[in-house]
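Numbered according to this note's numbering, the sequence shown spans residues 95 to 385.
We put the CB at the ideal spot given by N, CA and C, even for glycine.
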Amino acid sequence: MRLLFSIGAVLVSGVLAGGDVASIAAPGPKSGPSKFESSRQRQAADGDAQSVDVELILAVDVSYSMDMDELAIQREGYAQAIQSKEFLQALKAGPAGRIAVTYFEWAASNDQKIIIPWRLIDGPETADAVAAEIMKTPIRRASRTSISGAIGFAMPLFDEDPYHGLRRVIDISGDGPNNNGGPVTLARDAALEKGIVINGLPIMVKEPSYSTMDIDNLDYYYEDCVIGGPGSFVIAIKGREKFKEAIRTKLLMEVAGRTPDRPVVHVADKDKEPRVSCTIGEKIWSDRWGR
């Protein structure tokens, strides 16, 4: 049984307050640490100069269904969250007191662009530098939505960075289901096999319409088809005014590496039928355009 937690106004690590949080998936029973976990824990324990609390990949949707205003608010949300007092407090509370971050934008299965290569954030100065890099890059838009392509692009990035984190996390934000590239569940499962956690930020600020690939219950789709791994969670953005708050809450949780204690919602096991079809995006695209 996979558990999801609704945190509402629950405080996370003493620094999270509010946020339009949908749910958090609790880790299932474990027989012991994986080889990957043991290896990275040893690296951190050895006092490696490049050890960090988490290697975090921010994978941001720039498909045409996102309007320019949303893209601008999204950029500002990440920049402001990284510079926030709460984020820096959570950063210092970790064992290493620092994290590694890379930020890329994605659309179709062959369209990913790294905006910020791996950067170390260990205090206000490095946080300000990363935020400035995010804001100075021109905003772009592109066609199609391939969450599977974003996950597939992200996985090798962990092998290329010089840092050793106790956790490896891919953070996917987007406003629609996968409609291009391979099945999203296969990409998700490949990442989970490598010990990678996937979190989700479904953007649900517009009513679904025929002219876009928006669907009802995108948060359910992310919960059942996209996220996974111990402590994985979804934070749904259901209003433009919630963008920045939700992004800040999400980053705080990822840095803190903690989840609320009290399970309040039980969701079907992973092997059971998802509440929203994991191929709904591909079906909508095929029904409309026949390819």
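Taken through DSSP and simplified to helix, strand or coil, Y197 comes out as strand. Note: N293 is bridge-paired with D265 in the DSSP secondary-structure output.
Residue environment: K336 is assigned as buried (16 or more neighbouring CB atoms within 10 Å of its CB, all protein chains considered). The Cβ-Cβ distance between G276 and S237 does not fall below 8 Å. With contacts defined by Cβ atoms closer than 8 Å, I266 and G294 form a contacting pair. Between A350 and D381, the alpha-carbon positions lie close to 43 Å from each other.
Across the structure, G323 and W200 are spaced so that their CA atoms are roughly 22 Å apart. Assignment of Q168 by DSSP, reduced to helix, strand and coil, places it in the helix class. Checking the DSSP bridge columns, you'll see V146 partnered with G259. DSSP places I241 in the helix class (H, G or I) of the three-state scheme. The beta carbon of A285 is closer than 7 Å to those of I245, M249, I264 and I292 in its chain, skipping five residues each way along the sequence. Around the beta carbon of T231, fewer than 16 other beta carbons lie within 10 angstroms, which makes this residue exposed.
Taken atom to atom, the span from the alpha-carbon of N274 to that of E348 is near 28 Å. The distance from the Cβ of D147 to that of P189 is about 6 Å, consistent with a contact at the 8 Å cut-off. Scanning the region 182-237 from its first residue to its last, the whole alpha helix (DSSP H) runs of 4-plus residues come out as 218-230.
The residue among G259, A187 and E170 with its C-alpha nearest the C-alpha of L150 is G259. Excluding the 5 residues flanking it on each side, D216 has same chain C-beta neighbours closer than 6 Å at R192, in chain order. Distance from the CA of D269 to the CA of M160, rounded to the nearest whole angstrom, comes to 7 Å.
Secondary structure at A153: strand, using DSSP grouped into helix, strand and coil.
With respect to L185, Y172 sits apart: the two C-beta atoms are not nearer than 8 Å.
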